[in-house]
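Colleague: Numbering (the working numbering), first residue to last: 108 to 211.
The structure follows.
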Amino acid sequence: WLPQPEGWASRTAEAQAADPESMLSLYRAALRLRRAEPGLGDGTFAWLESAPGVLAFRRSPEFVCVVNLADPPAELPAGTEVLLTSGPLADGRLPADTAAWLRG
């Protein structure tokens, strides 16, 4: 009902739903995963030791979240399986401004 700038056409829900790399697709995947994996919403919580600029925690015994807020790509914990990332990995490492949900 309000006029939108021309450049905003790619930000419509319809456009985002058709793009597997969109923020809408990421949120939908995260919500599906959270519904399917009870450990993501309940259970124990523990901070993990990580490099400067990297935030990492374990939720329940099997889920790990790693967020890289720094420039150098971050190593993911050994023995984990990637469930979801907010962007593509770079040679198996987590680039800056990217988050990953892992199992393991």
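Even glycine gets a Cβ: it sits at the ideal position worked out from N, Cα and C.
It should be emphasised that the depicted structure is a prediction, and the values quoted were computed from it without experimental measurement.
Where arginine 142 and alanine 153 are concerned, what is the direct C-alpha to C-alpha distance, given to the nearest angstrom?
Modeller: 21 Å
Colleague: I want to know whether the segment 163–176 touches the segment 191–211 - three or more CB-CB distances under 8 Å.
Modeller: yes
Colleague: Got a sec? Which residues, its chain only, sit under 7 Å from alanine 116 by beta carbon, not counting five neighbours each side?
Modeller: Closer than 7 Å at the Cβ level, and outside the excluded window around alanine 116, lie Ala122.
Colleague: With DSSP collapsed to three states, give me the class of glutamate 188.
Modeller: strand
Colleague: My output table needs one value for leucine 196: the three-state DSSP class, helix, strand or coil.
Modeller: coil
Colleague: Select from Pro168, Glu182 and Glu113 the residue whose C-alpha is nearest the C-alpha of proline 159.
Modeller: Glu182
Colleague: Considering only the beta carbon of each residue, do phenylalanine 170 and glycine 148 sit closer than 7 Å?
Modeller: no
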